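K.L.:
Here the numbering used here is used: the first residue of the sequence shown is 47, the next is one more, and so on.
Quick one: the structure is below, questions incoming.
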Amino acid sequence: MLEKTKVLETENFLKKNYPDFQPDVVIIAGSGLSALADSIKQVMKVNYAQIPNFPVSTIAGHEGSLIHCRVNGVNLAILAGRTHLYEGYSASDIVRPLRVLRLLGAQMVILTNAAGALNPLFGTGNIMLISDHINLTGENPLVGDNIEEWGPRFPDMSSVYSRELMEIAENTALKLNIALKKGVYVGIKGPSLETPAETRSFRTLGADAIGMSTVLEAVAAKHMGMEILGLSCLTNKNLPDCMAETSHEEILEVAAKANELLKNLILEILKSRSLVRGKCSQQARKQ
Numbered sequence: 047m048l049e050k051t052k053v054l055e056t057e058n059f060l061k062k063n064y065p066d067f068q069p070d071v072v073i074i075a076g077s078g079l080s081a082l083a084d085s086i087k088q089v090m091k092v093n094y095a096q097i098p099n100f101p102v103s104t105i106a107g108h109e110g111s112l113i114h115c116r117v118n119g120v121n122l123a124i125l126a127g128r129t130h131l132y133e134g135y136s137a138s139d140i141v142r143p144l145r146v147l148r149l150l151g152a153q154m155v156i157l158t159n160a161a162g163a164l165n166p167l168f169g170t171g172n173i174m175l176i177s178d179h180i181n182l183t184g185e186n187p188l189v190g191d192n193i194e195e196w197g198p199r200f201p202d203m204s205s206v207y208s209r210e211l212m213e214i215a216e217n218t219a220l221k222l223n224i225a226l227k228k229g230v231y232v233g234i235k236g237p238s239l240e241t242p243a244e245t246r247s248f249r250t251l252g253a254d255a256i257g258m259s260t261v262l263e264a265v266a267a268k269h270m271g272m273e274i275l276g277l278s279c280l281t282n283k284n285l286p287d288c289m290a291e292t293s294h295e296e297i298l299e300v301a302a303k304a305n306e307l308l309k310n311l312i313l314e315i316l317k318s319r320s321l322v323r324g325k326c327s328q329q330a331r332k333q
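Below, the structure is given as structure tokens:
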């Protein structure tokens, strides 16, 4: 089945079965970062396995549910859990849920992930605002025939992450007294963690944090004209000359502890962005 056919089939399924589901904003929750959905009144919750053509995560810490919430006047779609290349999925599989939600009306996506800190000034438990990324997965969701109504053949990637949203995030973090770091995220295929030599090379390339997700979703979202905000929960430190063994369980534990900070930050960002959009709409009406 062609990718366009799969996406449209999924879109039609959600329209038919959940006609009130019209998302404005999407949040993709990374490893152990689904607590936001648990703290908000949910309008709808559907397991990925019940949705045609939705890939189902096989990794601990990824619940695998599409959740609809309303927050501060925003229709919010939360993808609680994602899939990865290392699970055997293709790049198209991974970005398909996001493409569907874009066609359903979503204009903005907040990409969250658990990542390792490469910058020695960043600490475990910090949240990093993604200013840019390096795609070292060897994959790209735009490979193959381009679907013109979704986006251009060669999308510009000079400004993937919204400067407006970054400014709102930084101001919000100051308001909440959250130590928000800012840097470049490098995405790799995984699933093996990095060697000391690899860590040195990634740092030399200019990366501040490393993970196994996000970059493909950012490419697809940019291709389809979405506003993008990226937030990494730094769950471990990658210091090449004194690296300690790291387990997935330890990563999930740190992510869970950072959940409250991340939740508060995102909710306040959504509130701030709603106010900004409201003012712009009022000005436009006056003109």
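Idealized CB from N, CA, C, for every residue including glycine.
As the structure is a computational prediction, the values presented were derived from the model and not from experiment.
1) Would you decide whether N93 is buried or exposed? Buried here means 16 or more other CB atoms lie within 10 Å of its CB.
2) Looking at the structure shown, is Y231 part of a helix, part of a strand, or coil, going by DSSP?
3) Can you tell me where the beta strand (DSSP E) holding H179 begins and where it ends?
4) Out of N223, D178, P201, I193, which has the shortest C-alpha to C-alpha gap to S208?
5) Is DSSP giving Q153 helix, strand or coil here?
6) As an exercise, report each continuous alpha helix (DSSP H) stretch of at least 4 residues that is fully enclosed by the region 126-151, in chain order.
7) CB A126 to CB L147, shorter than 8 Å?
8) Are the region 304-314 and the region 239-259 touching by the rule of at least three beta carbon pairs closer than 8 Å?
9) What span of residues does the beta strand (DSSP E) with E90 cover, start to end?
10) Between T245, T260, L277, which has its C-alpha nearest S286's C-alpha?
11) Any idea if Q328 is buried or exposed, counting beta-carbon neighbours within 10 angstroms, 16 or more meaning buried?
12) Under 8 Å, do I312 and I156 count as touching if we go by C-beta distance?
13) So I74 packs on T183, CB below 8 Å; how close in whole Å?
14) Let me know the secondary structure DSSP gives N159 once reduced to three states.
15) In terms of residue numbering, what span does the alpha helix (DSSP H) encompassing E244 cover?
16) Going by DSSP, what residue range makes up the beta strand (DSSP E) through T75?
17) Count the C-beta pairs between the region 161-171 and the region 113-120 that are closer than 8 Å, then say yes if the count reaches three, no if not.
18) Return the Cβ separation of L175 and E216 in integer angstroms, given the expectation that the two are a contact with Cβ distance under 8 Å.
19) In terms of alpha-carbon separation, which member of N310, G76, I173 lies closest to H130?
20) Taking 8 Å as the cut-off, decide whether the C-beta atoms of D254 and V230 are in contact.
21) Just mark V232 as buried or exposed, buried being the case when its beta carbon has 16 or more other beta carbons within 10 Å.
22) Relative to the alpha-carbon of S318, which residue among M272, M212, M258 has its alpha-carbon at the smallest distance?
23) Rounded to whole angstroms, what is the Cα-Cα separation between I180 and N121?
24) Can you grab the Cα-Cα spacing for the pair Q153 / P69, in whole Å?
25) Taking only three categories from DSSP, how would you classify T281?
P.N.:
Let me lay it out:
1) exposed
2) Residue state, collapsed to three classes: strand.
3) 173-182
4) D178
5) coil
6) 137-149
7) no
8) no
9) What sits at residue 90 in the sequence shown is Met, not Glu. Per DSSP, M90 belongs to the beta strand (DSSP E) from 88-93.
10) Reading off the sequence, residue 286 comes out as Pro, not Ser. Ranking the options by Cα distance to P286, first place goes to T245.
11) Residue confidence for Q328 is low, a pLDDT of 40 falling below 50, so the modelled location carries little weight; the figure read from the coordinates is stated next. Burial is judged here by how many other beta carbons sit within 10 angstroms of a residue's own beta carbon; Q328 has fewer than 16 and is exposed.
12) yes
13) With a Cβ gap of about 16 Å, I74 and T183 do not count as contacting.
14) strand
15) 242-250
16) Correcting the residue type first, residue 75 is Ala in the shown sequence and not Thr. Run containing A75: 71-75, per the beta strand (DSSP E) assignment.
17) no
18) 7 Å
19) G76
20) yes
21) buried
22) M212
23) 31 Å
24) 8 Å
25) strand
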